[in-house]
Amino acid sequence: MDSDGTQDARGTHASPVPRPAGPPQVPAMPPLPPRAPGMPPPPDGSAFLTWLRAPRPDAAPGVWRFGHRPRPAEEPEEIPTRQLLSGALIAFLVGWLIWSLLQNGYLGTWWWVPFDLIVPDAWRGGDSDLGETGTFIVYQGYELLVALAIMVGAARLGRWGEVWRRFVTPRFRRPQAQETRTTPEDDPAQWNELRAAGAADAAERLAAEARSGLMRDVDHARILRAWQGVRTGRHSLATFSGAVLKDGAAACLHPSGERDLPARLARHDLVTGQVRLGTTVDDARNPYAYRGTGLALGPDLLGTSLVAVGPAGSGKTGTVVRPLAESLCLHALAGRAAVVVVGAAGAGLGPADAYDVVVRIGNQDSEYDLDLYGGSTDPDEAAAVLAEALVGDLADPHPGSDSRRSTTVLAQLLGPFRAVHGRFPSVPELRQLLDGAPGPFAALRQGLQEAGQESLLRELDARERQMGQPGDVGGVLGDRVALLDRPAFAGFFDTSGQSRPFTLKALDHPVRVRIDLPQRGHADASKMLARLVLAQFTASVAVREDRSLFACLLLDDATGVVTPEAVRGIQRLRSGNAGVVLTLRTLDDVARPLRGPLLGATGCRMALSGLTPWDGQDFAEVWGKEWTEARDVTDRQIIAETPAGKAVHMLRRVITGKAPTARAVTVRQVERERWSASELAHGVPAGHAVLSLTDVKGEHAPPLLVDLRG
């Protein structure tokens, strides 16, 4: 059975990669990758069950929910350590003094009145019914009660309980095991939902696989995804049950036949769909509920898109893009997501074995090619996407601008060419047409005349009239296409059907794609190809039939990629269950009119350490201000008027070396920036970042200082 979206992700290529002949047998499991913290080791069923049953309480956006212990929203008032200890000591001394005074009779005998009223006369004296020993015990017992009462009063006065909790208990506290849900009705390892739907045999098979250690976290997530397909009516219950009974935990495999990644570097929790990026710093600028908690991202947050800005070496690739790519690849194996990762060759975006398709543009050994037209058969649609890639960065950077003139020019050529040849032109052919070469134009005209395509002939005539006129963008388009018509790219972007072009139309399937861009000597071409992938991505996800599959594009370096059309496309992604992750070295790589719209279009914004003050100013503006309590402390000198007062002041000056002063504290509410440009530029330590979050439901988290190494 194929679970939701687990059809052959590579079936859109000219030469599809065959599916495995059959899923691997459960006893002969493939070698396990290195285990990261939070990932259950499959050979031990108890460890997997402990991981599966671990508490994952609901939490604010971005909180790592695995084993999370919620904290109060507001920080409780805490007495300073010095004041707390001195108060406890003074209370003890006061209690000891009172007891000493009572024992020595300095305070009278009134404290014996309750004893005289309660204790019978027969119990007093040496000749009482209790005897001397009994009488001694009665008297000593009463004194002990009085001493305990004084101790209780001193303890309450000196806050001994808080001293115990703060300084004594942590030294003897033992690490507590993770709480597990052991109620059979709530046990996720029992698959009770399947039992309730009538698939008791399948549920029992899966429970046995989990107990025996044959199930992994990816298996659990993948089978849950397949079960969702049954609930929504995409698959029948009988087909699902048959697949589970036949293959157990290996049922509903990804088309690649893989059940895990070759290796994991980050901490993942596929129950919540999160990947841990770091730890929220215990800092006064962070909300109290977030301090010390893990910081994690998932599709619910990436669905609003993320932009990360930081200089080279700040950790954008290693601490942000790589963990997110790894997480989305795991989601793809579980049939939940489709991911496209774009970066320079050798950028460290994961091994090739972790992807289904690796496109190495400019590398003649690349197994896959990139479809220049995004798999489209509509000339107007293909022209719009290609125009954005070629000259999108030359358009007016105002968000309301467009590139309709370039789109029209390309459509005037692509439509006639496809009508004659049944395909779109290759890069050399497109360059010749844009340059106005007479031979290709004449051949195209003859083909249209023979086919009787009068409307397309008019399009071709209009293109010929516009060539050479002032303001014609055909020459600019030709110059940009010439960047791809280089010997290094010979054999790429082929449209004759002889290569294996990858198209982003495959995002209807849980495909894992990595596209390596050429960098050395082809920087402009790399920027153009990055714009092409982003334009094709935004166009493809908007027309997907199955939007239950989360689609995400990770662009490791978005320099020269952000255009007015790109910003509009990013704004539309949330409604299509898709998102993008963009990294920039500086916001100066984005045109000034587009910086605000870009930060506004993305729900998650990250400023890494080493940011420039002018970049920090843009983040400070988008994060806004908040009301905070400001304290103004004023010290004024005390003037003594009496001789005794002057003598005391002189003595204090001799002892302290300072004149006696009185301190006045003024508390007022002021509106201040959450993070100022100066703080972002100089107050973020190395390996840290300030991150604000917004999920697809609209819930948001204020800017948080995060340690990306924790």
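Residues 1059 to 1768 in this note's numbering are what the sequence shown lists, from first letter to last.
Ideal placement from N, C-alpha and C gives every residue a C-beta, glycine not left out.
Since this is a predicted model, take the numbers as computed values, not measurements.
Practice item. Assign Met1664 to one of three DSSP states: helix, strand, or coil. Key: Taking the first residue of the sequence shown as 1, we reach residue 1664 at position 606. Three-state DSSP puts Met1664 in a strand.
Review point. So, are the CB atoms of Arg1721 and Val1691 less than 8 Å apart?
Key: Position 663 of the sequence shown, counting from 1, holds the residue named residue 1721. Position 633 of the sequence shown, counting from 1, holds the residue named residue 1691. Yes; because the gap between Cβ atoms is below 8 Å, this pair is in contact.
**Study point:** Reduced DSSP category for Gly1634 - H, G, I as helix; E, B as strand; rest coil
**Key:** Here residue 1634 corresponds to residue number 576 of the sequence shown, with the count starting at 1. Helix at Gly1634.
Point to revise | Supposed contact pair Arg1111 and Asp1245 - C-beta distance, whole angstroms, cut 8 Å | key: If you number the sequence shown from 1, residue 1245 lands on position 187. If you number the sequence shown from 1, residue 1111 lands on position 53. Asp1245 to Arg1111, Cβ: 7 Å. Contact.
Practice item. Could you give the DSSP three-state label for Ser1750: helix, strand or coil? Key: The sequence position of residue 1750 within the sequence shown is 692, counting from 1. Note: Ser1750 maps to strand in three-state DSSP.
Check your understanding: Under three-state DSSP, which class holds Glu1729?
Key -> Stepping through the sequence shown from its first residue, residue 1729 is reached at position 671. Three-state DSSP puts Glu1729 in a strand.
Check your understanding: Taking buried to mean at least 16 other C-beta atoms within 10 Å of its own C-beta, is Phe1106 buried or exposed?
Key -> Translated into the one-based positions of the sequence shown, residue 1106 becomes position 48. The residue is buried, with at least 16 neighbouring Cβ atoms inside 10 Å.
Check your understanding: Taking C-alpha atoms, which residue in Asp1341, Asp1753, Ala1546 lies nearest to Arg1578?
Key -> One-based indexing of the sequence shown puts residue 1578 at position 520. Of the candidates Asp1341, Asp1753, Ala1546, the one whose C-alpha sits nearest the C-alpha of Arg1578 is Ala1546.
Exercise for review: Kindly indicate which residue of Gln1332, Leu1666, Gly1756 has the alpha-carbon position closest to the one of Ser1372.
Suggested key: Taking the sequence shown and counting its residues from 1, one reaches residue 1372 at position 314. Per the Cα distances, Leu1666.
Review point. What is the DSSP secondary structure of Arg1777, counted as helix, strand or coil?
Key: No answer is possible for residue 1777: the residues shown for the chain start at 1059 and end at 1768.
Practice item. Could you check the C-alpha separation between Leu1054 and Glu1699 for me, to the nearest Å? Key: Only positions 1059 to 1768 of the chain appear in this structure, which leaves residue 1054 out of reach.
Practice item. Look at the alpha carbon of Leu1359 and the alpha carbon of Gly1536, and state the distance between them as a whole number of angstroms. Key: Within the sequence shown, numbered from 1, the residue matching residue 1359 stands at position 301. Within the sequence shown, numbered from 1, the residue matching residue 1536 stands at position 478. Rounded to whole angstroms, Leu1359 to Gly1536 spans 40 Å at the Cα level.
**Study point:** 4 or more residues per run - each alpha helix (DSSP H) lying fully within the segment 1149 to 1217
**Key:** 1171 to 1176, 1189 to 1216
Check your understanding: Out of Val1591, Lys1563, Arg1626, which has the shortest C-alpha to C-alpha gap to Val1399?
Key -> Within the sequence shown, the letter at position 341 stands for residue 1399. Checking every option, the nearest Cα to that of Val1399 belongs to Val1591.
Practice item. Within the same chain, show all residues whose beta-carbon is closer than 7 Å to that of Gln1556, passing over the 5 residues directly before and after it, in chain order. Key: In the sequence shown, counting from the first residue as 1, residue 1556 sits at position 498. Here the set comprises nothing.
Exercise for review: With a threshold of 16 other CB atoms inside 10 Å of the CB of Leu1202, please say whether the residue is buried or exposed.
Suggested key: Residue numbering aside, residue 1202 sits at position 144 when the sequence shown is read from its first letter. When all chains shown are included, Leu1202 counts as exposed.
Check your understanding: Looking only at DSSP bridge pairs, what is His1293 linked to?
Key -> The residue given as residue 1293 occupies position 235 in the sequence shown. Residue pairing of His1293 in beta bridges, as defined by DSSP: absent, with no partner found.
Exercise for review: Give the DSSP-derived three-state secondary structure of Phe1550 in the structure shown.
Suggested key: Within the sequence shown, residue 1550 is the residue found at index 492, counting from 1. Residue state, collapsed to three classes: coil.
Review point. If you draw a straight line from the alpha carbon of Val1221 to that of Arg1129, how long is it in whole angstroms?
Key: Position 163 of the sequence shown, counted from the first residue, corresponds to residue 1221. Position 71 of the sequence shown, counted from the first residue, corresponds to residue 1129. Each residue's alpha carbon lies about 21 Å from the other.
Practice item. Look at the Cβ atom of Gly1401, then the Cβ atom of Asp1614, and state whether they are nearer than 8 Å. Key: For the purposes of this step, residue 1401 is taken as the residue at position 343 of the sequence shown. For the purposes of this step, residue 1614 is taken as the residue at position 556 of the sequence shown. A contact, by the Cβ cut-off of 8 Å.
Point to revise | Between the CA atoms of Glu1132 and Ala1453 - distance to the nearest angstrom | key: Translated into the one-based positions of the sequence shown, residue 1453 becomes position 395. Translated into the one-based positions of the sequence shown, residue 1132 becomes position 74. Each residue's alpha carbon lies about 49 Å from the other.
Point to revise | Cβ contact (3+ pairs, closer than 8 Å) linking the segment 1621 to 1629 and the segment 1346 to 1355 | key: Result no; under three Cβ-Cβ pairs closer than 8 Å.
Review point. Excluding sequence positions up to five away, which residues of its chain have a Cβ less than 7 Å from the Cβ of Ala1717?
Key: In the sequence shown, counting from the first residue as 1, residue 1717 sits at position 659. Excluding five sequence positions before and after Ala1717, the CB atoms of its chain that fall closer than 7 Å to its own CB belong to Gln1695, Arg1711, given in chain order.
Point to revise | N- and C-terminal bounds of the beta strand (DSSP E) containing Glu1684 | key: Locating residue 1684 in the sequence shown gives position 626, counting from the first residue. Element bounds for Glu1684: 1683 to 1695.
**Study point:** Local Cβ density within 10 Å of Val1378, reported as buried at 16 or more and exposed below that
**Key:** Counting from 1 along the sequence shown, the entry for residue 1378 is found at position 320. That one is buried.
Check your understanding: Using the C-alpha atoms, what's the distance from Ser1750 back to Ala1588?
Key -> Against the sequence shown, residue 1588 aligns to sequence position 530. Against the sequence shown, residue 1750 aligns to sequence position 692. So the alpha carbons of these two residues sit roughly 26 Å apart.
**Study point:** Own chain, CB closer than 8 Å to Leu1295, minus 5 neighbours either side, in chain order
**Key:** Residue 1295 sits at position 237 when you count from the first residue of the sequence shown. In its chain, beyond the 5 residues on either side, Ala1255, Gly1256, Ala1257, Val1288 have a beta carbon closer than 8 Å to the beta carbon of Leu1295.
Check your understanding: Can you give the Cα-Cα distance for Thr1290 and Gly1494, rounded to whole angstroms?
Key -> Taking the first residue of the sequence shown as 1, we reach residue 1290 at position 232. Taking the first residue of the sequence shown as 1, we reach residue 1494 at position 436. When rounded, the distance between both Cα atoms is 54 Å.
Practice item. Please list, in chain order, all residues of the same chain as Leu1328 whose beta carbon is under 8 Å from its beta carbon, the five residues on each side excluded. Key: Within the sequence shown, numbered from 1, the residue matching residue 1328 stands at position 270. Closer than 8 Å at the Cβ level, and outside the excluded window around Leu1328, lie Asp1275, Val1276, His1278, Ala1279, Leu1388, His1389, Ala1392.
Check your understanding: Smallest Cα separation from Gly1145: which of Gly1125, Leu1542, Trp1218?
Key -> Counting from one through the sequence shown, the residue named residue 1145 turns up at place 87. Selected option, being the one with the closest Cα: Trp1218.
Review point. Considering only residues of the same chain and omitting the five flanking positions on each side of Val1754, which have a CB-CB separation below 7 Å?
Key: Position 696 of the sequence shown, counted from the start, is the residue given in the question as residue 1754. Answer for Val1754: Asp1358, Gly1361, Thr1362, Arg1632, listed in chain order.
Practice item. Measure the Cβ-Cβ separation of Gln1248 and Gly1432 and say whether it is below 8 Å. Key: Locating residue 1248 in the sequence shown gives position 190, counting from the first residue. Locating residue 1432 in the sequence shown gives position 374, counting from the first residue. No, Cβ-Cβ distance for Gln1248 and Gly1432 is not below 8 Å.
Exercise for review: Return the Cβ separation of Arg1418 and Ala1403 in integer angstroms, given the expectation that the two are a contact with Cβ distance under 8 Å.
Suggested key: Looking up residue 1418 in the sequence shown gives position 360. Looking up residue 1403 in the sequence shown gives position 345. 7 Å between Cβ atoms; contact.
Practice item. Could you name the residues of the same chain whose beta carbon sits closer than 7 Å to that of Pro1743, not counting the 5 residues immediately before and after it, in chain order? Key: If you number the sequence shown from 1, residue 1743 lands on position 685. For Pro1743, where only same-chain residues beyond five positions count, the Cβ hits under 7 Å are Ser1667.
Practice item. With a 10 Å radius around its C-beta and 16 neighbouring C-beta atoms as the bar for buried, classify Val1728 as buried or exposed. Key: In the sequence shown, residue 1728 corresponds to position 670, counting from 1. Classification of Val1728: exposed, given that the 10 Å Cβ count is below 16.
Exercise for review: Provide the residue(s) that pair with Val1571 in DSSP beta bridges, ordered along the chain.
Suggested key: Here residue 1571 refers to the residue found at position 513 when the sequence shown is read from its first residue. For Val1571, which the question treats as bridged, DSSP gives the partners Val1398, Val1415.
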